[in-house]
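K.L.:
Just add 4 to the spot in the sequence shown (first one is 1) and you have this note's numbering.
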Amino acid sequence: MTDTHEREGVPALRAALAGAARIEVHPLDVEDACRQYAEDDYEVTDRLREFLAAWGELTVTWQFRERDVVLTTAVEPTLESAHATPRNLGIFARRLGQEVAIVGTAFVTEEAVLLAENGDILLVGDVGFQRVANGFDEAIRRLVAADYDRTFFWPDPPKAPDRPSTADGPGDTPRQE
5 MTDTHEREGV PALRAALAGA ARIEVHPLDV EDACRQYAED DYEVTDRLRE
55 FLAAWGELTV TWQFRERDVV LTTAVEPTLE SAHATPRNLG IFARRLGQEV
105 AIVGTAFVTE EAVLLAENGD ILLVGDVGFQ RVANGFDEAI RRLVAADYDR
155 TFFWPDPPKA PDRPSTADGP GDTPRQE
């Protein structure tokens with residue numbers, strides 16, 4: 005188990021958000037968290053393991069327009085959220101052109117919190133992606149301050165390599181010249 009004192013970034017994040025957000029740190033067993041991801045067919049990478057050790061099992065609550073807003077990295081709600089399927093994660097990775105891990109869920113709409121291989125934290129839901137910031141602590145600061153680009157984007161997946169074809173479409177016979 006990892007307690008609050010072993011998570012180096014938490015005290016600094018608490019200090020930065022003092023008065024603006026509440027941070028709850030729940031007990032964490034990194035190996036158990038990784039096991040839960042693996043049981044749900046997610047790839048457990050070193051990047052995911054490091055993220056969980058630093059930021060796993062946190063709940064951040066803040067006010068926006070006089071309502072509580074919640075982001076959590078707790079494993080159970082993350083893996084049970086609306087967009088949390090290994091298939092979706094594969095689609096997100098292809099569209100973004102880089103590997104991503106689901107590391108949390110945010111808002112009542114259960115937007116997935118993604119950690120990209122370049123360190124970016126993104127939100128993704130039915131409407132598309134939003135890039136919040138590079139680094140989880142910076143992303144939380146920006147979310148709480150509502151200081152991030154809220155533009156949704158849905159990138160086209162990379163194009164498949166061109167293949168020579170003599171047919172007009174699927175099932176067509178080759179053209180006669």
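Note that CB positions come from ideal geometry on N, CA and C, so glycine has one too.
In the DSSP assignment, what residue or residues form a beta bridge with Val48?
P.N.:
To locate residue 48, count along the sequence shown from 1; it is residue 44. According to DSSP, which records beta bridges pairwise, Val48 is partnered with nothing at all.
K.L.:
Below 8 Å CB to CB, which residues in the same chain sit around Ile144 once its five sequence neighbours on both sides are set aside?
P.N.:
Mapped onto the sequence shown, residue 144 falls at position 140. Excluding positions up to five away in sequence, the list reads Leu17, Leu21, Ala25, Val64 and Leu75.
K.L.:
Quick one: what does DSSP say Ala97 is sitting in, helix, strand or coil?
P.N.:
As a first step, residue 97 is located in the sequence shown; it is residue number 93 there, counting from the start. Note: Ala97 maps to helix in three-state DSSP.
K.L.:
If you scan the region 63-116 from start to end, which runs of the beta strand (DSSP E) of 3 or more residues do you find wholly inside it?
P.N.:
Listed in chain order, they are 71-76 and 104-110.
K.L.:
Under the three-state reduction of DSSP, which class applies to Gly123: helix, strand or coil?
P.N.:
Numbered from 1 along the sequence shown, position 119 holds the residue referred to as residue 123. Reduced to three states, the DSSP call for Gly123 is coil.
K.L.:
Pair every Cβ in the region 46-53 with every Cβ in the region 66-82, then say whether three or more of these pairs are closer than 8 Å.
P.N.:
Flag = no, the region 46-53 and the region 66-82 do not touch.
K.L.:
Does the region 111-123 come into contact with the region 79-94, if we say contact requires no fewer than three beta-carbon pairs (one atom in each stretch) closer than 8 Å?
P.N.:
Cβ pair count under 8 Å is three or more, so yes.
K.L.:
What does DSSP give as the partner residue(s) for Val128 in the beta ladder?
P.N.:
Indexing the sequence shown from 1 puts residue 128 at position 124. Ala116 and Phe133.
K.L.:
For a test of the three-state rule: what should DSSP assign to Ala25, helix, strand or coil?
P.N.:
The sequence position of residue 25 within the sequence shown is 21, counting from 1. Of the three classes helix, strand and coil, the one that applies to Ala25 here is strand, per DSSP.
K.L.:
Could you pull the start and end residues of the alpha helix (DSSP H) that Phe140 belongs to?
P.N.:
As a position in the sequence shown, residue 140 is number 136, starting the count at 1. Per DSSP, Phe140 belongs to the alpha helix (DSSP H) from Phe140 to Ala149.
K.L.:
Can you say whether Ala37 is buried or exposed, counting buried as having 16 or more other CB atoms within 10 angstroms of its CB?
P.N.:
The residue labelled residue 37 in the question sits at position 33 within the sequence shown. With 16 or more other Cβ atoms within 10 Å, it is buried.
K.L.:
In angstroms, rounded to a whole number, what distance separates the CA positions of Leu62 and Leu56?
P.N.:
The residue you call residue 62 lines up with position 58 of the sequence shown. The residue you call residue 56 lines up with position 52 of the sequence shown. Spanning the two alpha carbons is a distance of roughly 10 Å.
K.L.:
Between Val120 and Leu126, how many whole angstroms is the CB-CB distance? I'm expecting something under 8 Å.
P.N.:
Counting from one through the sequence shown, the residue named residue 120 turns up at place 116. Counting from one through the sequence shown, the residue named residue 126 turns up at place 122. In the sequence as presented, Val is not what sits at residue 120; that position holds Ala. With 8 Å as the limit, Ala120 and Leu126 qualify as a contact, their Cβ atoms being about 6 Å apart.
K.L.:
Buried or exposed: which applies to Thr109, given that a residue is buried once 16 or more other Cβ atoms fall within 10 Å of its Cβ?
P.N.:
Here residue 109 refers to the residue found at position 105 when the sequence shown is read from its first residue. Buried is the call here.
K.L.:
Between the Cα of Gln40 and the Cα atoms of Phe133, Val107 and Asn92, which residue gives the shortest distance?
P.N.:
On the sequence shown, residue 40 is found 36 positions in, with the first residue counted as 1. Cα-wise, what sits closest to Gln40 is Val107.
K.L.:
Using DSSP bridges, identify the partner residues of Leu157.
P.N.:
Along the sequence shown, read from residue 1 onward, the residue named residue 157 stands at position 153. What sits at residue 157 in the sequence shown is Phe, not Leu. Looking at the DSSP assignment, Phe157 forms a beta bridge with Phe133.
K.L.:
Given this structure, state the Cα-to-Cα distance separating Val34 from Asp160, to the nearest angstrom.
P.N.:
Position 30 of the sequence shown, counted from the start, is the residue given in the question as residue 34. Position 156 of the sequence shown, counted from the start, is the residue given in the question as residue 160. Each residue's alpha carbon lies about 35 Å from the other.
K.L.:
How about Phe96 and Gly132: are their beta carbons less than 8 Å apart?
P.N.:
Here residue 96 refers to the residue found at position 92 when the sequence shown is read from its first residue. Here residue 132 refers to the residue found at position 128 when the sequence shown is read from its first residue. No, these two residues do not count as a Cβ contact at 8 Å.
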